[in-house]
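These notes are about the structure you will find just below.
Numbering (the numbering used here), first residue to last: 1 to 277.
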C-alpha cells in the first residue's frame, strides 16, 4: 500500500489476481473507491446489485462506504486499484469548502460500476503521482490532490447535492505574505496544506486556487522552487550534498539530485563545481 507511512489522506493499493477471485469484503472503518485497471470483467455477487458487471473502462469506478460489506468475483486475470479515505475527509470538505453541516454526510450506495470521467481523471492523476518513483511527490502536492478528489466526491457522489462554490480570486497581499513567509520558514520540514490554509484562515481548496492565481504556481510547485533556491545558495559553501538535501526538505541526497536535475537540467554537483572553477 502506498502513502500509509507518509500519512497521506488517501493511500493507494494495486493488486492482481492472475487466476481470478471470489472475495467477500466485510465492513470496515474506511471508505473505498476502486476501479479495474485491466484484464477480465468483475461481477458483484451479493445484495441488490448482484449480477452487475464492470470492465476496465476509462470512466468506470466502484464506491463504498466503510460500513458496507460486499462480495465480488472474476473468472480471469484481472488488475485492480483501490484508494481509501476516512469519512472525516468528506465531512471537513463539506463544512469548510461548502459551509454545509457535516453530520449525516454519506457516500451514495449506488455507485457500483458507475461512470464519471472527471472523477477518473482526478483518480488516475493521483495514482500516477503516487507511483512515480523517479519524481516522487511531496506531501503538499498529495494533500492538494486529495482535496480535489474529496471536493468532487462531496459534490457528485454523496447524499447531498452541493453546488459549486464561486471561483477563488487572488490572495490579498497580507495573506500572500503570510503564506510565503510560512513556506520560507518551513522549507526543511514536511509542509501540510492544512497548516498553510489555516495560517491564512481559508479552506484548503480555496487557498490552492487563490495561491495559484496570485503566484502563477501551485503551492507545492512554489515550495519546490524555494527549496531549489535555498539549495543553490548552500552549494556555494562547503555543506555536504547530503546535509543540503535535509536542510532543504528533500528526503535524501538522491531525491534532492533528482528534483534538482528536473528543475534546472543539471546536478547539484555540477553547479558546485562551476562555482568553484
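Where is the CB? At the ideal position from N, CA and C, for every residue including glycine.
From a predicted model like this one, the values you see are computed outputs, not experimental measurements.
Taking the CA atoms as reference points, residue 246 sits about 20 Å from residue 193. For secondary structure counted as the alpha helix (DSSP H) over 4 or more consecutive residues, the segment 200 to 248 holds these complete runs in sequence order: 204 to 215, 219 to 235, 241 to 247. Taken in chain order, the whole alpha helix (DSSP H) runs of length 4 or more contained in the segment 79 to 147 are 87 to 97, 117 to 130.
Looking at the backbone, the Cα of residue 70 and that of residue 55 are separated by about 18 Å. Using a C-beta cut-off of 8 Å, the segment 228 to 236 makes no contact with the segment 97 to 104, since fewer than three inter-stretch Cβ pairs fall below that distance. Residue 241 sits away from residue 214, with the two beta carbons spaced by 7 Å or more. Collapsing the DSSP output to three states places residue 36 in a strand. Between the segment 73 to 93 and the segment 17 to 26, the count of Cβ pairs shorter than 8 Å is three or higher; the stretches touch. Straight-line measurement puts the Cα of residue 46 at about 51 Å from the Cα of residue 257. CA-CA distance, residue 208 to residue 39, rounds to 37 Å.
Here residue 138 is buried. Its C-beta has 16 or more other C-beta atoms within 10 Å.
Between residue 93 and residue 151, the C-beta spacing is below 7 Å. Taking residue 96 as the centre and dropping the five residues before and after it, the same chain places the C-beta of 203 closer than 6 Å to its C-beta, in chain order.
Between the segment 173 to 191 and the segment 117 to 131, the count of C-beta pairs closer than 8 Å stays below three; the two stretches do not touch. As the crow flies, the alpha-carbon of residue 275 is around 53 Å from that of residue 155. Residue 31 counts as buried, since no fewer than 16 other beta carbons sit within 10 angstroms of its beta carbon. The beta carbon of residue 140 lies closer than 8 Å to those of 191, 192, 193, 196, 219, 220, 223 in the same chain, with the five residues before and after it left out. Take residue 252, set aside five residues on each side of it, and the residues of its chain with a beta-carbon closer than 7 Å to its own are 245, in chain order.
Between residue 3 and residue 11, the alpha-carbon positions lie close to 5 Å from each other.
For the pair residue 61 and residue 35, the CB atoms are nearer than the 7 Å cut-off.
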